[in-house]
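Taking the UniProt record's numbering, the leading residue of the sequence shown gets 1, the next gets one more, and so forth.
In this text, a Cβ means the ideal position worked out from N, Cα and C, and glycines have one as well.
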Amino acid sequence: MSPFPPSFGNLYILVAVDYVSRWAEAQAMPTNDARRVCSFLKQLFSRFGTPRAIISDRGTHFQGQFTKLLSRYGVKHQVSVAYHPQSNGQAELTNRELKRIIEKTVDQSRKDWSTKLDDALWAYRTAYKNPIWHFSL
């Protein structure tokens with residue numbers, strides 16, 4: 001998510017969402033450069049394993065070093081359609097929900113948002129979400 005007011009040196013939130021379980025991981029970051037994105041992904045890969053594919057927007061931090069990392073791990077990189085954020089709908093929805101939760105929990109200056117990120121993740125993860133599939137018997 002794009003720049004927030006500075007919070008203990010952080011300006012950005014990098015969010016990763018599993019499309020099936022809707023489990024979200026997020027980390028506050030001072031910059032959104034490729035090195036930090038790759039470091040975040042390596043942490044996720046070591047904890048959860050590698051996904052078959054990753055969908056990202058067309059940000060410059062999702063090129064070069066990022067593409068090499070995905071290639072090394074055998075992960076397919078799918079890029080969402082430019083100027084059409086709905087093509088990465090689950091991530092956009094998660095970003096919107098996390099931002100909404102953070103906005104409700106921060107103080108008036110909004111400079112403590114990075115300290116509220118773990119609480120926002122907990123609230124997002126434990127909230128009821130509609131099932132992906134609708135079954136009828």
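Bridge partners for residue i per DSSP, in chain order?
| i | result |
| --- | --- |
| H77 | I54 |
| E25 | A16 |
May I have the straight-line CA-CA distance separating residue i from residue j, to the nearest angstrom?
| i | j | result |
| --- | --- | --- |
| R22 | A127 | 11 Å |
| R36 | W122 | 23 Å |
| F40 | F4 | 19 Å |
| T31 | N10 | 7 Å |
| E92 | G59 | 14 Å |
| A53 | K129 | 23 Å |
| C38 | L14 | 11 Å |
| S80 | G89 | 10 Å |
| F8 | P51 | 32 Å |
Kindly say whether residue i, judged by its beta-carbon, lies nearer than 8 Å to any beta-carbon of chain C.
| i | result |
| --- | --- |
| L14 | The displayed structure is made up of one protein chain only, and chain C is not part of it. |
Count the other CB atoms within 10 Å of the CB of residue i; is the residue buried (16 or more) or exposed (fewer)?
| i | result |
| --- | --- |
| Q108 | exposed |
| V17 | buried |
| K76 | exposed |
| T67 | exposed |
| H106 | With the sequence shown as reference, residue 106 is identified as Val, and His is not the correct amino acid for it. Buried. |
| residue 143 | A query on residue 143 cannot be resolved here, the shown segment of the chain reaching from 1 to 137 and no further. |
| Q78 | exposed |
| K42 | exposed |
| K116 | buried |
Which class does residue i belong to by DSSP, given the choice of helix, strand or coil?
| i | result |
| --- | --- |
| L11 | coil |
| V17 | strand |
| V37 | helix |
| D119 | helix |
| G89 | helix |
| S71 | helix |
| T60 | helix |
| residue 150 | In the structure as shown, the chain starts at 1 and stops at 137, and residue 150 therefore has no counterpart that could be examined. |
| K104 | helix |
Does the beta carbon of residue i fall short of 7 Å from some heavy atom of the ligand SAM?
| i | result |
| --- | --- |
| D118 | Annotation note on the ligand SAM: not contained in the displayed structure, which lists no ligands. |
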